[in-house]
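First up is the structure itself, then whatever we jot down about it.
In this note's numbering, the protein residues as written are 22 to 144.
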């Protein structure tokens, strides 16, 4: 896999999903969060997907975003299912995967999943 290219302000484009566009207050919150994330050393890109695993905001190329969304939504759903199997009152709030090339952070919510890709920082 080649490095993910961050395209300037690509994430400002909303994609319509079944529930409609993100509300303006949610858009503002997302923009602020993405701005903060992009300032971290090692930040490579981000992706917000809906409950169906469809990318609705991204800084990645479209094909790459769809690929990440498909695979990581399955992972997030499997993790959620496993945790609930262990304890029905519990839920996944955060996943972090580290490989040699990237660190992938997954933050699932009720309607959306935030995925951040960054270069691993070795301490």
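Every residue gets a Cβ at the ideal spot worked out from N, C-alpha and C, and that includes glycine.
Inter-residue spacing [alpha-carbon to alpha-carbon] between residue 49 and residue 132: Our two residues, residue 49 and residue 132, have alpha carbons roughly 17 Å apart in a direct line.
Would you check if the distance between the CB atom of residue 55 and the CB atom of residue 64 is smaller than 7 Å? It is not a contact, given that the beta carbons lie outside the stated cut-off.
Hey, would you say residue 97 sits closer than 7 Å to residue 138, going by beta carbons? At least 7 Å separates the beta-carbon of residue 97 from that of residue 138.
Can you name the start and end residues of the alpha helix (DSSP H) that residue 53 belongs to? Where residue 53 is concerned, the enclosing alpha helix (DSSP H) stretches over 45–59.
Look up residue 71 in the DSSP assignment and say whether it is helix, strand or coil. DSSP, reduced to helix, strand and coil, places residue 71 within a strand of the structure shown.
For residue 30, count neighbouring C-beta atoms within 10 Å of its own C-beta (all shown protein chains included) and say buried if the count is 16 or more, exposed if not. A caution first: residue 30 carries a pLDDT of 36, below 50, which makes its placement in the model unreliable, though a value can still be read off. That one is exposed.
With residue 124 as the anchor, note down where its beta strand (DSSP E) starts and where it stops. That run of the beta strand (DSSP E) goes 124–129.
Identify whether residue 113 lies in helix, strand or coil by the three-state DSSP scheme. Residue state, collapsed to three classes: coil.
Going by other Cβ atoms of all chains shown within 10 Å of its Cβ, with 16 needed for buried, is residue 78 buried or exposed? Burial call: buried.
Do you know offhand how far residue 95's Cα is from residue 73's? Taking C-alpha positions only, residue 95 is separated from residue 73 by approximately 10 Å.
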